[in-house]
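Residue numbers (our numbering): 82 to 201.
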C-alpha cells in the first residue's frame, strides 16, 4: 500500500508544515507603546508601562494597565471595539470604524526568519 519512501515523504512534509506553523503563529514580541490614530492621524502615544484611562473627543475611553491596552467605553452603535479586549503584542490593533479610531501596539521589530533582517 504505502512504501517506505511514501512514509518518509509524508513525515518530511508534516515536519515542514509544523515548522511553518511555528513561525507563522509563534509568539510576537510584547509591545511597549500604544499609538492612537483618529481619522488616520496619530493623535497620541502612550507607554504601556503605566496605569491610565484616557477619554477621547470621539466618544471612546482607552484603558492602559499592566502592559496592555483596551477600549473600555465607546459610543458607537455596535461596540465591537470593546469586544477586542486587551491587546499587548506588537502589531495588534483595535479598530472602531464608526469613530475612525485605531489603537496600534508598537514594539521592537523582530527578526524575519527567512531573511535574517529586522522587520519594519
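Think of the CB as a built atom: it goes at the ideal place given N, C-alpha and C, for glycine as much as any other residue.
Indicate whether residue 116 and residue 185 have their beta-carbon atoms separated by less than 9 Å.
Counted from its first residue, the chain shown places residue 116 at position 35. Counted from its first residue, the chain shown places residue 185 at position 104. Yes, the Cβ-Cβ distance between residue 116 and residue 185 is below 9 Å.
Of all the options 166, 129, 161 and 156, which has the alpha carbon lying nearest to the alpha carbon of residue 207?
Missing from the structure shown is residue 207; the chain here goes from 82 to 201 and no further.
In angstroms, rounded to a whole number, what distance separates the CA positions of residue 177 and residue 133?
For the purposes of this step, residue 177 is identified with residue 96 of the chain shown, where counting begins at 1. For the purposes of this step, residue 133 is identified with residue 52 of the chain shown, where counting begins at 1. The alpha-carbon atoms of residue 177 and residue 133 are separated by roughly 20 Å.
Could you tell me whether the Cβ atoms of residue 141 and residue 154 are closer together than 9 Å?
To locate residue 141, count along the chain shown from 1; it is residue 60. To locate residue 154, count along the chain shown from 1; it is residue 73. Yes, Cβ-Cβ distance for residue 141 and residue 154 is below 9 Å.
What does DSSP give as the partner residues of residue 100 in its beta bridges?
The sequence position of residue 100 within the chain shown is 19, counting from 1. Answer is none; residue 100 lacks a bridge partner.
Would residue 151 pass as a contact of residue 137 if the rule is Cβ separation under 9 Å?
The count along the chain shown starts at 1 and reaches residue 151 at position 70. The count along the chain shown starts at 1 and reaches residue 137 at position 56. For residue 151 and residue 137, no; Cβs fall outside 9 Å.
Could you name each continuous alpha helix (DSSP H) segment of 4 residues or more that falls completely within the region 134-160, going from the start of the chain to the end?
Correct list: empty.
Could you check how far apart the C-beta atoms of residue 181 and residue 114 are, in whole angstroms? I think they sit under 8 Å.
Along the chain shown, read from residue 1 onward, the residue named residue 181 stands at position 100. Along the chain shown, read from residue 1 onward, the residue named residue 114 stands at position 33. Between residue 114 and residue 181 the Cβ distance is about 20 Å, and since that is not below 8 Å, they are no contact.
Going by DSSP in three states, residue 94 sits in which element: helix, strand or coil?
Residue numbering aside, residue 94 sits at position 13 when the chain shown is read from its first letter. Correct three-state label for residue 94: helix.
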